[in-house]
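J.: In the working numbering, the protein residues as written are 68 to 655.
From the three backbone atoms N, C-alpha and C, an ideal C-beta is built for every residue, glycine too.
Quantities reported herein were computed from a predicted structural model and do not represent experimental measurements.
The following block contains the structure, expressed as structure tokens.
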Amino acid sequence: MIKLLNGMVFGGRRAVYAGAVALAVTLGSGPAMAQDRVGDFALLDQDGKFHHMAWYDNNKAVAFLVQASNDAATQESLASFNALKEQYASQNIVFMMINPLGEARDIVKADAERLGIDIPVLIDDAQVISESMGIDKTGEAFVYDPKSFRVIYRGPADQSLADALAAVVADETIANAVVATQGTPVSYQAHEQLAQAGVSYSKDVAPVLAENCATCHRDGGIAPFALNSHAMAQGWSPMIREVLMTKRMPPGQIDPHIGEFRNHYTLTPDEQQKVLHWIATGSEKDGDSDPLAELTWSQEKWAFGEPDLIIKVPSQSVPATGVLPYRDVVVPLEGLETDRWVRASQYVPGDRTVLHHTLNAFIVPGERPSQGLITRFSNPDQAYITPYIPGADPHVEEPNTGGLLKAGTSLALNLHYTTTGRETVDESEIGVWFYPEDQIPTERRLGDCACIFTPTWTDIPAYDPDFEQTAEVLITTDAEIMAFTPHMHFRGKRMEFDAHYPDGTVERLLNIAQYNYNWQMEYQLVEPKFVPAGTRVVVTGAFDNSEQNKANPDPSRVVPWGQQSWDEMFFGQVYWKEVKTGEEVSVN
């Protein structure tokens with residue numbers, strides 16, 4: 068799903084520019100000349116860290132060395148490149164390497180460790196960034212201006228590069244901006260094949276847009292425009308190119324090299340290449356039909372038919388302006404006459420422009436809700452009712468999995484509203500679907516939160532660009548992990564979930580390399596991940612409290628824990644099912 072909420076900066080991709088700035092992307096071969104505009108872009112490095120070029124625009128330049136594993140040209144240039152790093156890294160020059168071959172991360176990482184490289188190696192899986200820079204050989208150095216998104220030098224990593232960096236630091240023009248270089252040739256076979264065979268809008272591009280974009284970009288969808296025809300896709304193609312190049316969309320993107328998720332919100336390298344090639348060659352339509360125009364969408368409010376139980380949240384008046392405290396509402400579950408096992412639930416916001424998110428907990432007869440309304444699953448038989456979070460889909464349990472909702476229960480809701488400049492009333496509803504009365508699911512969805520609250524919270528220092536905090540969940544039985552949900556606020560930067568097994572080994576389960584407060588999905592594994600009893604899931608979150616974080620309300624502030632968005636939170640929710648050893652599940 069592509070969901071565009073924020074203003075986008077237009078940039079561009081191209082293989083070769085011939086002197087002037089071009090608006091269209093072209094596919095071809097040949098060196099990029101100095102002052103060519105590559106455009107803004109983002110890539111992940113060998114450790115899965117996210118690097119967005121616009122984030123580095125408080126530096127003079129970014130120096131790249133073109134890298135390939137076990138490559139002689141790379142190794143020949145490495146010593147001088149490292150020496151220049153030692154000299155200029157403190158003078159606002161950022162040093163990176165770029166792998167234009169899209170080599171496997173473990174290969175790139177192993178080669179970097181063998182050579183003792185402590186420089187990020189950006190891996191260009193789809194090769195579109197490398198080709199846009201005009202990279203055609205390894206061992207060559209590039210200097211990139213993160214303000215103008217231009218290549219301002221290319222050549223060997225020797226005295227020519229040193230002279231170029233000295234000029235950049237001195238705010239002078241680079242005298243020799245293009246210097247001939249020797250190295251191992253880099254080819255773009257996939258792109259050449261696309262150029263020869265062509266890319267079909269109807270067969271190659273429209274299916275990608277339909278699957279990944281149009282579910283939100285449709286009439287009545289949550290996105291600001293509809294991709295409901297070729298004309299719309301063609302008209303929005305510059306923005307589509309920009310958000311793909313910067314990994315801004317699809318939303319909530321995770322590291323595709325870690326785990327397999329149903330809702331990964333990423334395009335494969337092949338899909339990226341086809342869409343960008345289609346845009347580069349004019350976004351033309353082929354054939355008589357238009358697959359996007361033929362898409363149909365259900366107009367039904369409820370995802371699974373009429374719910375067995377509809378919980379009406381009391382109307383909430385939201386003023387036009389102001390800061391609103393979180394609201395606590397208790398809703399008796401009227402109409403629930405007997406205990407029932409829940410198989411699905413859906414939160415339908417009355418006005419999603421003001422409702423940011425909710426939390427919930429049950430008030431069972433004779434009990435009180437848990438502090439903070441964070442679901443802790445202290446009762447393994449307890450039902451799960453989905454909260455509302457940005458980008459959330461309706462929740463449906465796995466087959467033969469569910470929890471018990473007892474008659475007489477009330478739902479305690481914690482509601483977070485934001486103002487938009489106009490008064491409104493939010494009248495939300497929650498739909499709940501039950502198993503048949505004679506059917507008791509034998510599996511339970513369990514979970515816990517690696518959370519940090521006061522007083523264990525550590526305030527985030529002012530201007531800190533990468534402040535880490537860590538929490539963990541202990542899984543006491545053999546289990547199959549099913550899903551994860553992150554939650555931070557505007558300063559949230561990344562979040563990693565690592566399994567620390569009883570034998571001492573560690574495995575990364577999820578890497579949210581580009582956390583975005585606008586999108587807080589529950590990331591669902593394609594296949595459950597078995598973990599033995601005693602496994603600790605350690606969650607590491609990083610916060611960007613620097614001026615480079617464009618969403619940061621106030622980088623000069625030392626940030627405490629707090630409910631409002633300008634404060635911070637740290638939740639790393641983990642969901643699992645217990646692996647049974649023959650005993651029956653309690654249904655008490």
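For Leu480, which residues of its own chain have a beta-carbon under 6 Å away from its beta-carbon, when the five flanking residues on both sides are left out?
T.: Reading the sequence shown from its first residue, position 413 is the one you call residue 480. Cβ within range, chain order: Val396, Thr425 and Asn427.
J.: With three or more C-beta pairs closer than 8 Å as the rule, is the segment 340-349 touching the segment 322-331?
T.: Short answer: they don't touch.
J.: Just to confirm the assignment, what range does the beta strand (DSSP E) spanning Ile196 have?
T.: Along the sequence shown, read from residue 1 onward, the residue named residue 196 stands at position 129. Not the beta strand (DSSP E): Ile196 falls in the alpha helix (DSSP H), residues Val195 to Met200.
J.: Would you tell me roughly how many angstroms separate the C-alpha atoms of Glu351 and Glu259, rounded to the nearest one?
T.: As a working note, residue 351 is residue 284 in the sequence shown. As a working note, residue 259 is residue 192 in the sequence shown. Distance between the alpha carbons of Glu351 and Glu259: 19 Å.
J.: Entirely within the segment 119-147 and at least 3 residues each: give me those beta strand (DSSP E) ranges in chain order.
T.: Correct list: 128-133.
J.: For the alpha helix (DSSP H) that contains Ser304, what are its first and last residues?
T.: Here the question's residue 304 lines up with position 237 in the sequence shown. Ser304 -> alpha helix (DSSP H) spans Ser304 to Met312.
J.: Would you identify the three-state DSSP class for Arg181, choosing helix, strand or coil?
T.: Here residue 181 refers to the residue found at position 114 when the sequence shown is read from its first residue. Note: Arg181 maps to helix in three-state DSSP.
J.: Alpha carbon to alpha carbon, what distance is there between Glu490 and Phe637?
T.: As a first step, residue 637 is located in the sequence shown; it is residue number 570 there, counting from the start. As a first step, residue 490 is located in the sequence shown; it is residue number 423 there, counting from the start. Rounded to the nearest angstrom, the two C-alpha atoms are 31 Å apart.
J.: Cβ of Val421 less than 7 Å from any chain B Cβ?
T.: Structure shown: chain B not included; a single protein chain is present.
J.: Could you check if Ser197 is buried or exposed, using at least 16 other CB atoms within 10 Å of its CB as the buried criterion?
T.: Locating residue 197 in the sequence shown gives position 130, counting from the first residue. Flag for Ser197 reads buried.
J.: Do you know offhand how far Leu391's Cα is from Ser254's?
T.: For the purposes of this step, residue 391 is taken as residue 324 along the sequence shown, with counting starting at 1. For the purposes of this step, residue 254 is taken as residue 187 along the sequence shown, with counting starting at 1. Near 56 Å, if we compare the C-alpha coordinates of Ser254 and Leu391.
J.: Could you give the C-beta distance for Pro358 and Ala277, rounded to a whole number, given that I count them as a contact under 8 Å?
T.: Translated into the one-based positions of the sequence shown, residue 358 becomes position 291. Translated into the one-based positions of the sequence shown, residue 277 becomes position 210. That belief holds up - the Cβ atoms of Pro358 and Ala277 are roughly 6 Å apart, short of 8 Å.
J.: Taking the alpha-carbon positions, what's the Gly469 to Ala450 distance?
T.: Locating residue 469 in the sequence shown gives position 402, where the first residue counts as 1. Locating residue 450 in the sequence shown gives position 383, where the first residue counts as 1. One C-alpha to the other measures close to 7 Å.
J.: With a threshold of 8 Å, are at least 3 pairs of Cβ atoms found where one atom belongs to the segment 122-140 and the other to the segment 231-251?
T.: Result yes; three or more Cβ-Cβ pairs closer than 8 Å.
J.: Select from Arg285, Asp533 and Glu539 the residue whose C-alpha is nearest the C-alpha of Thr363.
T.: As a first step, residue 363 is located in the sequence shown; it is residue number 296 there, counting from the start. Residue Arg285 is the option with its Cα nearest to Thr363.
J.: Rounded to whole angstroms, what is the Cα-Cα separation between Glu338 and Lys314?
T.: The residue given as residue 338 occupies position 271 in the sequence shown. The residue given as residue 314 occupies position 247 in the sequence shown. If you take the alpha carbons of Glu338 and Lys314, they lie about 13 Å apart.
J.: Our contact map puts Pro658 next to Val246 with C-beta atoms below 8 Å; I'd like the distance itself, whole angstroms only.
T.: With the chain running from 68 to 655 in the structure shown, residue 658 is simply not present.
J.: Unbroken alpha helix (DSSP H) runs of length 4 or more, entirely within the segment 201-263: which are they?
T.: Counting only runs of 4 or more, we get 226-236.
J.: Closer than 8 Å by C-beta to Ala360: which residues in its own chain qualify, once you throw out the five before and the five after it? Chain order, please.
T.: Indexing the sequence shown from 1 puts residue 360 at position 293. Here the set comprises Asn295, Ser296 and His297.
J.: Check whether the Cβ atoms of Asn619 and Pro457 lie closer than 7 Å to each other.
T.: By one-based count along the sequence shown, residue 619 stands at place 552. By one-based count along the sequence shown, residue 457 stands at place 390. The answer is no: Cβ separation not under 7 Å.
J.: Under a three-way DSSP split, which group does Pro274 fall into?
T.: Translated into positions along the sequence shown, residue 274 becomes position 207. DSSP places Pro274 in helix when its eight states are reduced to three.
J.: If we ignore side chains and look at the alpha-carbon of each, how far apart do Asp448 and Leu168 end up?
T.: Here the question's residue 448 lines up with position 381 in the sequence shown. Here the question's residue 168 lines up with position 101 in the sequence shown. Straight-line Cα distance between these residues: approximately 50 Å.
J.: Would the beta-carbon of Lys214 fall within 7 Å of that of Asp124?
T.: Along the sequence shown, one-based indexing puts residue 214 at 147. Along the sequence shown, one-based indexing puts residue 124 at 57. Yes. Within cutoff.
J.: Kindly indicate which three-state DSSP category His424 falls into: helix, strand or coil?
T.: One-based indexing of the sequence shown puts residue 424 at position 357. Three-state DSSP puts His424 in a strand.
J.: State the start and end residues of the unbroken beta strand (DSSP E) segment that holds Pro399.
T.: Position 332 of the sequence shown, counted from the start, is the residue given in the question as residue 399. Counting along the chain, the beta strand (DSSP E) containing Pro399 begins and ends at Arg394 to Pro399.
J.: Kindly identify the DSSP beta-bridge partner or partners of Trp586.
T.: What you label residue 586 is simply residue 519 of the sequence shown in a count that begins at 1. Paired residues: Asn583.
J.: How many Å lie between Gly475 and Pro522 at the Cα?
T.: Translated into positions along the sequence shown, residue 475 becomes position 408. Translated into positions along the sequence shown, residue 522 becomes position 455. Going by the C-alpha atoms only, they are around 35 Å apart.
J.: So the alpha helix (DSSP H) Pro336 belongs to, where does it begin and stop?
T.: Looking up residue 336 in the sequence shown gives position 269. That run of the alpha helix (DSSP H) goes Pro336 to Ala347.
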